[in-house]
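Encoded as structure tokens, the structure appears first; notes follow it.
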Amino acid sequence: MVPKRGKEAHPMLRSFITGAALAALLTGCLYADVRAPLSYGSATPGDAGGNLGREVTGSACNTAVLWLFAFGNGGYDAAVRDAQGNSGAPFLVDVKADTAYTNVVFGIYQRQCTNVTARVPVASAAR
Amino acid sequence: MTRRPERVLALLASLAGTWGCATPQSPVHVLDATVFDHTQEDMQYRSPLPKDAQPTVLTGQQALGVACSTTVGFPPLPPALFLGSESVINAIPWPSFTIGAGNRGYAIAMQRAYEAAGTGTLFDVRADLHTTSVLSIVRRDCIEVHASVARKPQ
């Protein structure tokens, strides 16, 4: 019985070593397709002749789950388009950009959002 | 006399705590196991504002310019996707042997955006970094510039 027990332990040990090697080699991320904000030189109140309209907000997010997959479009373009919405404004003015981060249980679920708050130029100023 | 060793230990611990200050911070991103790297990356771009586009008409049209670089590395080097990811990646105890090439600078991305726009001035430029990574071995980083187009009145 003793040698049999030893034989049973080998596949288990092999699986453990294989699992550890895979974990070390892959280092977590299997597939990622994300967009992160890089730079945005937004319009100033002077671009709207000082005529600022209502405030709008927009958000765009990236998400990662189980340390394996990351996806989303958390860039400036998506956030600004979300803020522009149906306002019809050709551009936004006085744009404030913030990032919001959520991390649950050591990163099993992570979400990072780019939030923009801006003013819409009034029609006369927006031409 | 009996407390002296403790004081020495406390002094050594304090020195150990401040030792990190002796390491200069480098603004240059250095990969410690780079086999070959020939890349051009974004650094700074002060894009035109709407007032810079005058006297033109805002068309509402959008232009897109994309420029990419590709990196292949093994053992896998995960991409920095979120705030703080860099510190986790830097803690990986083994180096990743990498080969990188491509031009993802603002200059080439804006040139392509202008080509897409035809004749016109670009303003209100939003730049994003699009990262695609497969198994953390192959990584493609693209700078994407979205801009509004203004044209001279006919």
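First to last, the sequence lines map onto chains A and B.
Its first residue numbered 78, the first sequence is counted upward by one per residue in this note's numbering.
Its first residue numbered 13, the second sequence is counted upward by one per residue in this note's numbering.
Every residue, glycine too, gets a C-beta built ideally from N, C-alpha and C.
Spatial neighbours of residue 111/A within its chain, please: CB distance less than 7 Å, with the 5 preceding and 5 following residues excluded, ordered by chain position.
139, 147, 148, 149 and 151
Local conformation of residue 173/A per DSSP, three classes
strand
Euclidean distance between Cα positions of residue 86/B and residue 172/A:
41 Å
Assign residue 131/A to one of two classes, buried (16 or more other C-beta atoms within 10 Å of its C-beta) or exposed (fewer than that).
exposed
Cα separation between residue 201/A and residue 74/B?
Confidence in residue 201/A is poor, its pLDDT being 46 and thus under 50, which makes the residue's placement too unreliable to answer from.
Contacts that residue 157/A makes with chain B (C-beta to C-beta distance below 7 Å)
138
Helix, strand or coil: how does DSSP classify residue 64/B here?
helix
The region 163 to 183 of chain A touching the region 142 to 158 of chain B, judged by at least three CB pairs closer than 8 Å:
no
Please tell me whether residue 170/B and residue 51/B are closer than 9 Å, where the distance is taken between their beta carbons.
There is no way to answer for residue 170/B, as the model of chain B reaches only from 13 to 166.
Quick one: is residue 138/A near chain B, going by C-beta distance under 9 Å?
no
Compare the C-alpha of residue 57/B against each of 197/A, 169/A, 125/A and 118/A and name the closest.
118/A
Which residues, in chain order, does the region 179 to 194 of chain A contribute to contact with chain B at a C-beta distance below 7 Å?
187 and 189
C-beta atoms of residue 174/A and residue 159/A nearer than 9 Å:
no
Inter-residue spacing [alpha-carbon to alpha-carbon] between residue 152/B and residue 77/B
16 Å
Can the beta-carbon of residue 156/B be found closer than 9 Å to that of residue 128/B?
no
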